[in-house]
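If you use this note's numbering, the sequence shown corresponds to residues -18 to 280, in order.
Each remark here refers to the structure printed beneath this line.
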Amino acid sequence: MNILINKENIDFTLDREKTGLDVYNGIASWLESQDFYISEITLDGREIFIQNKETLENYGVDSISCLEITALDRNQLAYRDLETVKSYFSLYAQALKEKNGPVMEDLGNQYSHIRESLPDLLMMNNYVFDTTLNPLMEESGILTGTPRQEREGELFREWSHMDSLITGRMGELADPVGEGLRTAETLMRLIPRMEDVSLLFQSGKDREALEVIIVLTELLSKSVRILSRLKEGGILTADILPGDFTGSLNGILGELAEAIDTGDTILTGDLAEYEIVPKIETLETVFLSLNSGKDGSPC
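See below:
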């Protein structure tokens, strides 16, 4: 049996493997130990869908001439899955524009999987989706292909927001340095609104203030992820960013979350204006420095 992984022959010695599934499981375990995961299987020229891999048990090892496997690392796998989710919301928007009930209902039948995968793919808390996207999808009637007309505008806005989040996460995986700079620049543009957070709370405009804080938290959490990845990859060094900057920023984000949970609007405003603004300015400086010397950082 010839075994190819990512189009390269590998020397895989059969031990007690009797079926194609035994071989698959052995290779999957070996790949996972190196942080790679099987995404496609081809058996003697026939594609076997991952969800149907159990059918490989029907093939004895002596009956298989060639087993081809495509393996992706964690970032590549996440990027592919994000492309799928991005396409899903795009198809939903198109179906709603065309008033295509059967397509909307079919997409609705797939939403449980999308719902489960979104928090991990976007590296965001379930709470974000349980308070916005998920209730809207359930209450609007879109999942059964019978959307309420008065909720259509909300759906399009929320899908547009999801598309922005997904596109940003894909950029984070494909080009972390470039996406880090874009995120820092967005944060810099947010500073004038952050400086008004305390005033908004004092004026009773809590919702407007919290909207700023939510966007701020999303962007800063994303910055921390990017910095951590660049540090692990040896791209971000101590001479560029000395000290435990990410640890300090995470600490501030923790304080911010606690202040919001306890309703301490004064502390929330003070943290946004006096603690986080200097961090944002540092982020911009760091990513400008990294961007000036980058040669590309593909996922």
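By construction, the Cβ of each residue, glycine as well, lies at the ideal position given by its N, Cα and C atoms.
If you follow the alpha helix (DSSP H) that residue i is in, where does it begin and where does it stop?
i           : result
residue 129 : Careful: residue 129 lies outside any alpha helix (DSSP H) and carries neither H nor E.
residue 194 : 187 to 213
residue 111 : 107 to 111
Should residue i be labelled buried (16 or more other beta-carbon atoms within 10 Å of its own) or exposed?
i           : result
residue 257 : buried
residue 277 : Any reading at residue 277 must be qualified, since the residue scores a pLDDT of 47, below 50, and its modelled position is unreliable; the value itself is stated next. Burial call: exposed.
residue 208 : buried
residue 219 : exposed
residue 120 : exposed
residue 83  : exposed
residue 26  : exposed
residue 161 : buried
residue 255 : exposed
residue 30  : exposed
residue 5   : buried
Are the CB atoms of residue i and residue j nearer to each other than 8 Å?
i           : j           : result
residue 151 : residue 60  : yes
residue 40  : residue -6  : no
residue -8  : residue 16  : no
residue 273 : residue 221 : no
residue 154 : residue 201 : no
residue 128 : residue 117 : no
residue 171 : residue 197 : yes
With residue i as the anchor, note down where its beta strand (DSSP E) starts and where it stops.
i          : result
residue 23 : 17 to 24
Identify, in the order they occur along the chain, each residue of the same chain with its Cβ nearer than 7 Å to the Cβ of residue i, setting aside the five sequence neighbours on each side.
i           : result
residue 236 : 252
residue 86  : 125, 126
residue 195 : none
residue 280 : With a pLDDT of 49 at residue 280, under the threshold of 50, the modelled position of this residue cannot be trusted; read the value that follows with caution. So the qualifying residues of the chain are 56, 57, 60, 154, 155.
If I measure Cβ to Cβ from residue i and keep anything under 8 Å in the same chain, skipping five residues before and after, which residues do I get?
i           : result
residue -3  : 3
residue -10 : -17, -16
residue 266 : none
residue 67  : 144, 147, 148, 151
Please work out which residues of its chain come closer than 6 Å, Cβ to Cβ, to residue i, disregarding the five sequence neighbours upstream and downstream, and give them in chain order.
i           : result
residue 264 : 165, 204
residue 210 : 157
residue 240 : 248, 249
residue 174 : 193
residue 246 : 182
**Q.** Inter-stretch contact (C-beta, 8 Å, three-pair minimum) for the region 103 to 113 and the region 11 to 31
**A.** no
Q) Pairing CB atoms from the region 31 to 49 with CB atoms from the region 66 to 80, are three or more of them under 8 Å? A) no
Q) So does the region 87 to 95 actually touch the region 176 to 186, counting three or more Cβ pairs closer than 8 Å? A) no
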